[in-house]
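For reference, the structure discussed in these notes is given below.
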Amino acid sequence: MHKMKYKISTYIKNFLLYSFLIILAIIMIAPFIWMISTSLKETGAIFTLPPEIIPSNISLNNYKEIFERIPFLNFTKNSIIITISASIGQVVSCSLAAYAFARMKFKGSKVLYYILLSTMMIPSQVTIIPTFIIMNKLGLVDTHLALILPACLGGAFGTFLLRQFFSSIPKDLEDAAKIDGCGSLRIFYHIFLIQSKPVLATLFIFAFMFYWNDLLSPVIFLSSLDKMTLTVGLASIQGINYDRFDLMMAGSFLSMIPILILFVFAQKFFIKSIVSTGLKE
Amino acid sequence: MKLKVKIFFVLFLLLTFLLSCNKSTDYKKDGKIKIKLTTWFIYNMKEWEGAIKEFERTHPQIEVEIENVVYSMHVQKLLTSSAAKVPIADLIILEDWFATEMLERDYFIDLKDKIYNDLDTSLIFLKPIEDYKNSKGEIIAFPNFLISSVLFYNKDIFDNAKLSYPDSTWTYDDFLQAAKKLTRDKEGDGIIDEWGVQLNYSPFLDVLLYAFGGGVLSQDRKRPMIDKPESIEAIKFFVDLYKVHKVAPVPNPAAMSNTVAFLSGKFAMAIISNYVTKFKSVNFRWDYTYPPKGKAGRVSIRNSIGFGIPKTSKNKEAAWIFLKWLIESLPPQYSTMAEGIMPNNKKLATSKYFLEGEPICNRKILPDLQENYSINYTRTSFAELKDYGFQSAIERAISGKYTIEEAAKRGNKNIEEVLKRSGE
Amino acid sequence: MIKRWLYKLEPYFYLAPTIIGLLLFSAGAVIMSFLISFTKWDVINPPKFIGFQNYLIIFQSELFWKIFGNTFYYVILNVPPSIVIPLIIAVLLNQKLKGINIFRSIYFLPVISSIVAIALVWSWLYNPEFGLINYVLKKFFNIDGPRWLEDENWAMPAMVIMNVWKSMGYNMVLFLASLQNIPDSLYEVSEIDGASGIKKFFNITLPLISPTTFFVFIITIISSFQVFEQTYILTKGGPANSTLTLSYYIYQNAFLYLRMGYSSALSYILFGIIFIITLLQFKYQKKWVHYT
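Residue numbers (the working numbering), protein chains in the order written: chain A, 1257 to 1537; chain B, 16 to 439; chain C, 537 to 828.
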């Protein structure tokens, strides 16, 4: 009797949980279904009422047109090179800095930290011109390095994120390692980095998305067609007004695919073998 | 493991550094002069490339390179490059509003002498050139392509209602009558399926203001005229289309361009700019004609897209040779290279290729419209006037927050503030 | 002796990339743009020094205070749901349930696409005549939906809804990563003591993820103050300036009206606001954030 009650209540709990999750999933995914559906429609057909989820004439014209109008593969290659390099650069430089801020005591630590965080608070519209002037003096205009180099030199967001994480790693592991005579670099690698796989993967993905979708920097710093990134290519398709909705949806979807692939691979960093919270079975 | 990761990372950086070390090409190569041109007409790339090939064939000592700029960021690009003294191009594409912003900033070379000495001025529409003239009498760019606001209409909707299409005899009364007959709730479910009119602030409201005898700015473009009685009448006509006659939905303030709404096929009429390339694949029949006649006559708002030669260009003469060729000697089969708007060349505008270019529409009215009925009120701070001028006041008249008189007064005041901010 | 000296310099080796980056890029850009705020500059011609005039004009301008209010309105509307909802979802997803990974991936989808693409789709969804949202509201719930982005009172909430939808996955992933660092032993021990689900949440979970919560809080506030793309695509500040936020006005002044000096001044006012609020957050974090 007691066992049955227990079974029913968990059954109801799970049912409610799944229902909620499924409804939320539909809300999350609906605009994307709309995006893909619009990208498969012909220009005249995007305004039908009632809105068609599955187009009556599925047409790949928009995708064809994108490949015709811009050197898609070349742009994608450029985007991949820049984004991966920048993301790796971010993870490495931010984790080093975060470790120093989280665990080391040194003069000016607080001030430097606040200065670093302040760089997040200034709108890019006003710093883009001075940054461009500096890039020009460094001779980096119209090179991929102009986009990669700043990423390898730290970042406020990444450092802040990792520092919060590193600060919550229990000190006893470190103390044990110190007693064993480990240097800071080994502690950094074996204790902090290994323990923080989920958050490092998260930072990598966030950085990847930021650099992948960045429009302002490639437009300003690059000018040669063979160096252009995908975001710029897709933006140039927009034309003067946002008229070709179907085309833009197709472009946006194409642009999402590499990140989707990346996320699927990074998924395993998010999984932990044993997991539980209050709602236990 | 740690070492491997380090090595991999260093190698990756090296690789990217090497890959990105290409030097950008020099301006002078194998004796040819190379000029760079910016454009945003990506939908007409074939025409642009064809035209350039033809130019290079007849001018073998000049090579032209096209740079496709992202329209929404072309000003940012120009400003950042200019601040760092990095050359952008020899021929820079710009719209009239940006040209007027650049009039007094000493950035482009004066084309006045070149235009009046080198070009056959009988071939060109001269009024638009005045839009690009600054206080010193210098002409800073040439308007190559002229945009007019025209009355688009959906032939299918007119046919279904058995109404005759709009023509050059129409007044705004005819316009209103037709709109009433064409607004229908086909299924009786409370949702209107077809609207008579698509309302938009630009150019439709501008057209109305001037057609009713009022206007946005005075003739000298120094004072606002929104609270003149004629202007108020025009605003009332605009707002009443939505509020009283219910032949139009609320104008969308920003998100979608005006053409998008008409593209949907749910509007019988729309007064919008005559870009037509996007109408190639719609699933209804359409055309355009003259805007209706108002009390003060027929009005069409003129905008233009042109090219200027920056003072930083190293090949100004070659750039002018190309520009002159583009104006006078463009082969007619490329005359639709600007999404179907009219080239500033009377011969080209009346050529078979332009008149019968895809998509086919009533292009033959464009020269007459441009010559006799087009009005332009651009001036410095035009962009700010558009953003902070009278549009928000009219939006409130539409939502009912202001009366029309209040909206007009408020709009006038806003324009005065903008003009003051720009140092008028 | 040398070893001790090296040991003292150690942090600076770790911070070398960051310090180089700050000196090379940020410092120059920040100082330059700060100086520009005291000039009148159209970028094309040399700047003209005008002292505090830009700031004076700003504080006396009615439009500025409207923008100021709009920006705070957006922040206040956006921040609470952007933190609470992802937290709840992260807790729900932090379980060994069948198919939980699929849900995690789906909720993260909106984050992956560019804000431009999302804004375009949502501008379509919000369209009162052709959009899906009002269509569904009318057909299934028989409600006449508002005019969303065309209505002065609904435009800002509409923008916030879209933004919460988009960034839900973002903060959710951060909370998830943090939740997974909590050793199960802690929960098991408290269960032996008879703690219920809610008690466990407030006494174990919340305190242990508070560093992440703090991070999410700060980041969400900063990005809310800097909202730009959404305004640019959805409303361009309308209708009737109801969605005009500071970041967008900064952009307009810099790149449409060629008033770089004025734009810089506005940027530093925005910076000042964000800085002060963030500083206050950092000062108060001792009260609720628990580091080990």
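Positions of the beta carbon are idealized from the N, C-alpha and C atoms, including for glycine.
Any C-beta of chain B under 8 Å from that of residue i
i	result
residue 563 of chain C	no
residue 792 of chain C	yes
Terminal residues of the alpha helix (DSSP H) in which residue i lies
i	result
residue 161 of chain B	Element bounds for residue 161 of chain B: not the alpha helix (DSSP H) but the beta strand (DSSP E), 157 to 169.
residue 660 of chain C	651 to 661
residue 752 of chain C	742 to 761
residue 1348 of chain A	1328 to 1359
residue 81 of chain B	It is not in any alpha helix (DSSP H) - residue 81 of chain B instead sits in the beta strand (DSSP E) that spans 77 to 83.
residue 1415 of chain A	1412 to 1423
residue 646 of chain C	636 to 648
DSSP state of residue i mapped onto helix, strand, coil
i	result
residue 1507 of chain A	helix
residue 1469 of chain A	helix
residue 151 of chain B	coil
residue 699 of chain C	helix
residue 43 of chain B	Caution is warranted here: a pLDDT of 48 is assigned to residue 43 of chain B, below 50, making its placement in the model unreliable, and the coordinate value is therefore given only provisionally. Looking at residue 43 of chain B - three-state DSSP - the assignment turns out to be strand.
residue 396 of chain B	coil
residue 116 of chain B	helix
residue 212 of chain B	strand
residue 92 of chain B	helix
residue 389 of chain B	strand
residue 264 of chain B	coil
residue 239 of chain B	strand
residue 198 of chain B	coil
residue 318 of chain B	strand
residue 836 of chain C	Here chain C comprises residues numbered 537 to 828, so residue 836 of chain C is not present and cannot be evaluated.
residue 576 of chain C	strand
residue 781 of chain C	coil
residue 292 of chain B	helix
residue 123 of chain B	strand
residue 74 of chain B	coil
residue 376 of chain B	coil
Paired residues, beta bridge with residue i - DSSP
i	result
residue 313 of chain B	B:308
residue 302 of chain B	B:168
residue 323 of chain B	B:107
residue 358 of chain B	B:160
residue 232 of chain B	B:239
residue 52 of chain B	B:81 and B:106
residue 666 of chain C	BP columns for residue 666 of chain C are empty, so no partner.
residue 186 of chain B	B:308
Test: residue i CB closer than 8 Å to a CB of chain A
i	result
residue 49 of chain B	no
residue 783 of chain C	yes
residue 386 of chain B	no
residue 101 of chain B	yes
residue 42 of chain B	For residue 42 of chain B, the predicted model reports a pLDDT of 44, less than 50, meaning its position is unreliable; a value from the coordinates is still stated below. It does not: the Cβ of residue 42 of chain B has no partner Cβ on chain A nearer than 8 Å.
residue 700 of chain C	no
residue 594 of chain C	no
residue 553 of chain C	yes
residue 425 of chain B	no
residue 177 of chain B	no
residue 541 of chain C	no
residue 291 of chain B	no
Residue range of the beta strand (DSSP E) that includes residue i
i	result
residue 284 of chain B	282 to 288
residue 1494 of chain A	It is not in any beta strand (DSSP E) - residue 1494 of chain A carries neither H nor E in the DSSP assignment.
residue 371 of chain B	Neither: residue 371 of chain B is in no beta strand (DSSP E) and is coded neither H nor E.
residue 615 of chain C	First-last for residue 615 of chain C: 598 to 629, but that is the alpha helix (DSSP H), not the beta strand (DSSP E).
Integer-rounded CB distance, given that residue j should sit under 8 Å from residue i
i	j	result
residue 803 of chain C	residue 569 of chain C	7 Å
residue 603 of chain C	residue 780 of chain C	5 Å
residue 105 of chain B	residue 334 of chain B	4 Å
Minimum Cβ-Cβ distance from residue i to chain C less than 8 Å
i	result
residue 66 of chain B	no
residue 37 of chain B	The predicted model places residue 37 of chain B with a pLDDT of 45, which falls under 50 and marks its position as unreliable, so this point remains unresolved.
residue 1356 of chain A	yes
residue 270 of chain B	Only weak support exists for where residue 270 of chain B lies, its pLDDT of 47 falling under 50; the value from the coordinates is given anyway. Yes, residue 270 of chain B counts as interfacial toward chain C.
Chain F within 8 Å of residue i, Cβ atoms only
i	result
residue 120 of chain B	You won't find chain F in this structure, because its protein chains are A, B and C.
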